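Enquirer: Below: one structure in structure tokens.
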DNA sequence: GCCGTTTTCGGCCCGACTGTTTTCAGTCG
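Residue numbers (this note's numbering): 89 to 653.
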């Protein structure tokens with residue numbers, strides 16, 4: 089059997105098609121249709137390659153033309169229109185789309201009038217001051233191109249949440265306390281953030297000058313909006329007034345798809361939604377909202393938590409007042425992934441129990457590495473037995489937080505585990521994780537993890553895709569098979585709260601809980617301050633539509649022990 | 001190209017800011 093093309097594979101070809109159509113100047117609505125279809129296919133949790141033409145057209149956003157192209161891609165790996173465009177447009181031209189301030193129209197003109205085909209070509213032409221001779225281009229554009237090229241070459245990509253917080257902290261002094269809110273993808277709880285968006289009720293007359301000496305660069309400056317660069321990252325600041333704060337927050341929190349959907353709905357009832365409020369199209373009267381809740385209510389919607397605003401069905405549910413009650417920090421009863429100084433952590437077991445008590449937890453799973461992983465001073469059978477005695481001693485000291493004795497056992501290359509079953513059977517909870525052999529192919533890796541799932545001693549699969557944000561991509565793994573197997577074996581999948589992992593991601597979490605798989609949130613703490621990463625994990629779980637019933641560590645200690653047995 | 005209890009044709013979210021212009025196109029979010 090030939091390998092089926094993945095949803096991502098289909099989506100990437102449609103995306104390439106829409107980018108090529110942009111440069112060749114095709115109808116913008118047609119381009120958007122391709123772009124939307126690519127997004128829908130990428131996010132779908134069932135294999136699109138198995139749908140026939142008719143079933144494809146039943147997917148919202150896919151019509152007869154795109155359905156035909158998808159089938160062509162499934163059967164041949166590409167489609168005719170894509171190949172025609174690829175033969176026409178130099179491939180290096182697409183890279184120019186990554187430059188800030190450079191869009192498809194600009195690229196088309198540079199290509200057709202000056203035969204500029206790549207970033208290097210553009211740099212040479214701008215340095216040689218040749219571009220200013222083109223109609224519609226001047227000296228400032230030329231300099232802007234050179235700045236964008238330098239920025240693109242030095243860019244470190246998207247920020248993780250800690251890096252975003254560093255940028256925010258650098259600017260915090262520009263605003264009076266209580267007059268500003270971080271919106272955008274940071275507020276929606278995304279695991280990586282492209283730029284920072286801030287809404288403030290402060291005056292631009294005060295804040296714009298304040299920003300001057302805190303930023304690397306002012307990109308745009310205005311009375312309604314100012315954009316700056318801080319620590320190499322873009323920050324957009326929108327100025328508003330208290331009576332309009334609600335609509336501005338909704339607007340700047342997004343997502344883009346969410347905003348578009350909200351506005352489409354408003355059009356249906358003769359209204360216009362923008363960042364200033366809701367306007368009646370008939371007479372132009374503007375309704376203002378100081379809170380988001382008031383504006384949602386005015387539109388006939390339940391208040392939608394920022395983490396859900398992705399146009400993934402939440403708006404329709406909000407219209408029926410049927411949004412899920414999302415998990416909250418106060419629902420978390422304990423941390424299910426902590427390392428002590430018995431392996432590669434820095435805290436003693438006593439310190440961990442003390443910290444757990446201070447955080448209001450009723451339990452913490454002490455899950456050190458197994459001995460198979462040489463670099464982290466893992467525990468063998470003997471050390472594990474000694475640790476058991478020490479945990480018993482700590483648990484007798486009368487703290488309100490109980491230490492559970494567990495392990496983070498390695499899933500080895502052949503799918504077996506780093507410790508024998510009889511050892512694992514004696515522990516309270518077992519996390520099994522992949523820490524080596526990331527380069528295996530998709531099928532091998534999937535079977536490795538499924539073997540671990542089939543082991544009756546394994547309760548949780550730790551960081552199931554192995555990614556390190558910005559450093560190491562997920563390894564190849566068929567998550568739908570993993571989720572099926574987790575359901576059958578009643579195993580939990582981890583939402584690792586470390587800001588460098590945040591793995592599983594929100595889409596996989598939502599697919600897991602739809603299938604009845606419980607999510608375990610663990611901080612993977614190695615040193616004291618990492619206990620504070622729990623909220624990052626909760627945020628991702630909220631993005632995955634999790635209620636308390638979906639979260640393993642919202643169970644009480646007794647319920648958790650019952651679940652294990 | 002997609003879509004439809006206003007529509008099967010004619011719409012398709014909305015506004016800020018810049019640079020290059022004498023009124024607007026392009027880009028961005």
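Ideal Cβ positions, reconstructed from N, Cα and C, are used throughout, including at glycine.
Only a predicted model underlies this, so the values are computations on that prediction, with no experimental measurement involved.
Relative to the C-alpha of residue 103, which residue among 157, 147, 139 is closest?
Expert: The candidate whose alpha carbon is nearest that of residue 103 is 157.
Enquirer: Where does residue 645 fall in DSSP's three states?
Expert: Three-state result, residue 645: helix.
Enquirer: Sort 556, 369, 361, 370 by Cα distance to residue 376 and report the nearest one.
Expert: Nearest option by C-alpha distance: 361.
Enquirer: My output table needs one value for residue 107: the three-state DSSP class, helix, strand or coil.
Expert: If DSSP states are grouped into helix, strand and coil, residue 107 belongs with the helices.
Enquirer: Starting from residue 207, follow its DSSP beta bridges and name the residues at the other end.
Expert: BP columns for residue 207 are empty, so no partner.
Enquirer: For the stretch 291-310 against the stretch 339-359, do three or more pairs of beta-carbon atoms, one drawn from each stretch, fall closer than 8 Å, so that the two count as touching?
Expert: No, because fewer than three Cβ pairs between the stretch 291-310 and the stretch 339-359 fall closer than 8 Å, the two stretches do not touch.
Enquirer: Would you kindly work out how many angstroms separate the C-alpha atoms of residue 723 and residue 245, rounded to a whole number?
Expert: For the chain, the structure presents residues 89 to 653; residue 723 sits outside this window and is missing.
Enquirer: Which same chain residues, not among the five before or five after residue 358, have their C-beta less than 8 Å away from its C-beta?
Expert: Contacts found: 368, 369, 370.
Enquirer: On a CA-only basis, which of 372, 366, 373, 395 is nearest residue 382? Give me that one, please.
Expert: Nearest of 372, 366, 373, 395 to residue 382, Cα basis: 366.
Enquirer: From the DSSP secondary-structure annotation, give me the bridge partner or partners of residue 327.
Expert: Its beta-bridge partners are 288.
Enquirer: Opposite residue 451 in the DSSP bridges: which residues?
Expert: Paired residue(s): 422, 490.
Enquirer: Under 7 Å, do residue 119 and residue 108 count as touching if we go by C-beta distance?
Expert: Going by C-beta atoms, residue 119 is not nearer than 7 Å to residue 108.
Enquirer: In the DSSP assignment, what are the bridge partners of residue 375?
Expert: Residue 375 is bridged to 366.
Enquirer: Buried or exposed: which applies to residue 214, given that a residue is buried once 16 or more other Cβ atoms fall within 10 Å of its Cβ?
Expert: Residue 214 should be labelled buried.
Enquirer: In this structure, what does DSSP give as the bridge partners for residue 248?
Expert: Bridge partners of residue 248: 280.
Enquirer: Could you pull out every residue in the same chain whose Cβ sits closer than 6 Å to the Cβ of residue 89, ignoring the five residues on either side in sequence?
Expert: With a pLDDT of only 43 at residue 89, under 50, the local geometry of the prediction cannot be trusted, and the value read off the model is given with reservation. Around residue 89: no qualifying Cβ.
Enquirer: Can you tell which of 345, 512, 231, 613 has its C-alpha closest to the C-alpha of residue 272?
Expert: Of 345, 512, 231, 613, the residue nearest in Cα terms is 345.
Enquirer: Three or more beta-carbon pairs under 8 Å between the stretch 518-526 and the stretch 540-553, yes or no?
Expert: Taking 8 Å as the limit for Cβ pairs, the verdict is that the stretch 540-553 does touch the stretch 518-526.
Enquirer: Using DSSP's beta-bridge definition, name the partner residues of residue 548.
Expert: In the DSSP output, where bridge partners are listed per residue, residue 548 has 519, 580.
Enquirer: Measure the alpha-carbon distance for residue 198 versus residue 570 and round it to whole angstroms.
Expert: C-alpha separation (whole angstroms): 48 Å.
Enquirer: What's the C-alpha gap between residue 262 and residue 221?
Expert: For residue 262 and residue 221, the distance between alpha carbons rounds to 41 Å.
Enquirer: Check whether the Cβ atoms of residue 363 and residue 335 sit closer than 7 Å, and answer yes or no.
Expert: Cβ distance < 7 Å, so residue 363 and residue 335 count as in contact.
Enquirer: Classify residue 434 as buried or exposed, calling it buried when 16 or more other Cβ atoms lie within 10 Å of its own Cβ.
Expert: Residue 434 should be labelled exposed.
Enquirer: As a quick exercise: from 587, 314, 511, pick the residue whose alpha carbon is nearest that of residue 628.
Expert: Measuring from the Cα of residue 628, the nearest candidate turns out to be 587.
Enquirer: Using only the alpha-carbon positions, how far apart do residue 507 and residue 423 sit?
Expert: Between residue 507 and residue 423, the C-alpha separation is close to 23 Å.
Enquirer: Give the straight-line distance between the Cα atoms of residue 445 and residue 453, rounded to the nearest whole angstrom.
Expert: Residue 445 and residue 453: Cα-Cα distance of roughly 13 Å.
Enquirer: What does the alpha-carbon distance come out to for the pair residue 243 and residue 320?
Expert: Taking the straight line joining both Cα atoms gives about 7 Å.
Enquirer: Nearest by alpha-carbon distance to residue 190: which of 240, 143, 541 is it?
Expert: Considering only alpha carbons, the answer is 240.
Enquirer: Can you name the start and end residues of the alpha helix (DSSP H) that residue 601 belongs to?
Expert: Its alpha helix (DSSP H) spans residues 594-602.
Enquirer: Candidates 414, 328, 391: which alpha carbon is nearest residue 403's?
Expert: That would be 391, whose Cα lies nearest to the Cα of residue 403.
Enquirer: Grouping DSSP H, G and I as helix and E and B as strand, with all else coil, what is residue 360?
Expert: Strand.
Enquirer: Is DSSP giving residue 556 helix, strand or coil here?
Expert: Correct three-state label for residue 556: strand.
Enquirer: Nearest CA to the CA of residue 648: which residue from 469, 174, 516, 267?
Expert: Among 469, 174, 516, 267, the Cα nearest to that of residue 648 is on 516.
Enquirer: Quick check: residue 417 and residue 635, are their CB atoms within less than 7 Å of each other?
Expert: No, they are not a contact pair.
Enquirer: Mind the definition here: the stretch 478-485 touches the stretch 535-545 only if three or more C-beta pairs lie below 8 Å; say whether that holds.
Expert: Flag = no, the stretch 478-485 and the stretch 535-545 do not touch.
Enquirer: Grouping DSSP H, G and I as helix and E and B as strand, with all else coil, what is residue 320?
Expert: Coil at residue 320, not helix or strand.
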